Amino acid sequence: MAAALVTGVSRRRGIAAAVAARLRTDGLTVVTAGWTPYDREQHKAIAEQTQTDLQADLGVSDAPAELIRAAERVAGPLSSLVIAHTRDTGGGVLEMTAETIDQHLAINVRGSLLLMREFARRVLEDGRTGRIVIFTSGPPQAGAVAYAASKGALEWVVYSAATELGPLGITVNGVNPGPNQTGWMSSELERALAERTPLGRTGRPEDAAALVSMLLSADAGFINGQVITSDGGFSIAGSSRPR
Ligand SMILES: NC(=O)c1ccc[n+]([C@@H]2O[C@H](COP(=O)([O-])OP(=O)(O)OC[C@H]3O[C@@H](n4cnc5c(N)ncnc54)[C@H](OP(=O)(O)O)[C@@H]3O)[C@@H](O)[C@H]2O)c1
2 MAAALVTGVS RRRGIAAAVA ARLRTDGLTV VTAGWTPYDR EQHKAIAEQT
52 QTDLQADLGV SDAPAELIRA AERVAGPLSS LVIAHTRDTG GGVLEMTAET
102 IDQHLAINVR GSLLLMREFA RRVLEDGRTG RIVIFTSGPP QAGAVAYAAS
152 KGALEWVVYS AATELGPLGI TVNGVNPGPN QTGWMSSELE RALAERTPLG
202 RTGRPEDAAA LVSMLLSADA GFINGQVITS DGGFSIAGSS RPR
């Protein structure tokens with residue numbers, strides 16, 4: 002049976018938890034990874050947490066490769082890697098510090114690159130094929146400039162890695178879930194964002210999960226190097242002619 006590793010899964014309301022649930026419904030063996038100390042640091046309710054198969058701080062340089070190896074010990078050879086973890090502690094241009102910049106880049110960018118490297122090496126060693134999906138985001142991210150730098154970098158990682166790994170049988174795609182209600186929006190903000198969205202609501206974790214499911218399906222085998230936005234049209238609505 003095909004096996005997938007999904008990162009960033011500890012929060013029940015998060016997108017990654019919905020991705021893991023959807024992929025299980027699709028019949029994949031899913032290994033989940035999380036880092037609950039981050040959720041505590043962000044004062045996210047412990048009651049919101051779900052048990053993951055593995056815990057790893059992906060900001061530690063050896064952790065990504067070790068996580069891939071641990072996932073394969075649990076599930077056997079991986080066919081898919083879904084990178085959904087993120088650090089996002091905010092901080093605009095005037096507030097950012099060397100430490101917050103380093104943390105975002107180490108966890109979001111370096112962690113993702115090293116996960117990808119170990120996954121690809123192991124897939125290729127065995128002569129298999131694979132799929133990688135990386136969660137990006139959309140600009141601008143005012144007030145969260147280090148997060149923005151990391152997500153912009155990941156978008157270019159998708160294009161570059163897809164070009165390099167595609168000929169070797171591994172596709173790499175990105176998912177931008179748009180404003181997605183995982184608990185961070187007040188009801189006023191959710192209403193305001195919904196009003197700006199042509200489809201009349203904000204995203205749900207299940208929307209992003211459905212897109213990942215499609216990207217890992219047999220039918221998506223020719224999709225490579227794309228960052229696909231699933232946001233009900235939110236990102237293009239600003240260009241509408243006023244009526
Ligand atoms: N929600 C949105 O509106 C939105 C919009 C655009 C893009 N996205 C992207 O979509 C993805 C999922 O979003 P989300 O809102 O569900 O995110 P989230 O609730 O913030 O979850 C991300 C998870 O990543 C994990 N993580 C943080 N630091 C880590 C570290 N050092 N090592 C390993 N894991 C760490 C956290 O812990 P656990 O693993 O313990 O959960 C965190 O809960 C993210 O990549 C995000 O950037 C989301």
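FYI, in this note's numbering the residues of the sequence shown are 2 to 244.
C-beta: ideal position from N, C-alpha, C; glycine also.
Computed from a prediction, not measured in an experiment: that's the story for all the values here.
Residue i classed as buried or exposed, judged by whether at least 16 other C-beta atoms fall within 10 angstroms
| i | result |
| --- | --- |
| Met117 | buried |
| Leu155 | buried |
| Ser218 | exposed |
| His105 | buried |
| Ile133 | buried |
| Thr130 | exposed |
| Gln43 | exposed |
| Pro141 | exposed |
| Gly239 | exposed |
| Leu29 | buried |
| Thr98 | exposed |
| Pro199 | exposed |
| Ile237 | exposed |
Residues near residue i in its chain [Cβ-Cβ closer than 6 angstroms; skip 5 each side]
| i | result |
| --- | --- |
| Asn225 | Ala163, Gly167 and Thr172 |
| Gly15 | Thr183 |
| Phe120 | Ile69 and Leu82 |
| Asp208 | Ser231 |
| Thr203 | Pro180, Gln182, Glu191, Leu194 and Ala195 |
| Arg25 | Val31 |
Cβ-based neighbour list, residue i, same chain, cut-off 8 angstroms, excluding 5 preceding and 5 following
| i | result |
| --- | --- |
| Met215 | Ala221 |
| Thr101 | Thr90, Gly92 and Ala147 |
| Asp27 | Ser214, Leu217 and Ser218 |
| Gly201 | Ala195 and Gly233 |
Residues of its chain near residue i, where Cβ-Cβ distance is below 7 angstroms and the 5 sequence neighbours each way are ignored
| i | result |
| --- | --- |
| Thr138 | For clarity, residue 138 is Ser in the given sequence; the question names Thr instead. For Ser138, where only same-chain residues beyond five positions count, the Cβ hits under 7 angstroms are Lys152 and Asn177. |
| Pro65 | Leu59, Gly112, Leu115, Leu116 and Glu119 |
| Thr53 | Val10, Ser11, Thr33, Ala34 and Gly35 |
| Arg127 | Checking the sequence, you will find Asp at residue 127 rather than Arg. Pro78. |
| Leu125 | Leu169 |
| Leu212 | Val176, Ile229 and Ser231 |
| Ser188 | none |
| Asp40 | Ser11, Arg12 and Gln50 |
| Arg197 | Phe235 and Ala238 |
Supposed close pair residue i, residue j - CB separation, criterion 8 angstroms
| i | j | result |
| --- | --- | --- |
| Pro180 | Phe223 | Their Cβ separation, rounded to whole angstroms, is 29 angstroms, which puts Pro180 and Phe223 out of contact at 8 angstroms. |
| Arg23 | Ala210 | 4 angstroms |
| Arg88 | Ile108 | 4 angstroms |
| Gln50 | Arg13 | 7 angstroms |
| Val31 | Ala21 | 5 angstroms |
| Val158 | Asn174 | 11 angstroms between Cβ atoms; not a contact. |
| Pro206 | Ala19 | 3 angstroms |
Original post:
Three or more C-beta pairs closer than 8 angstroms, one from the stretch 2 to 14 and one from the stretch 83 to 98: is that the case here?
Top reply: yes
**OP:** Flag this pair as touching only if the stretch 88 to 107 and the stretch 141 to 152 have three or more C-beta atom pairs under 8 angstroms; answer yes or no.
**Re:** yes
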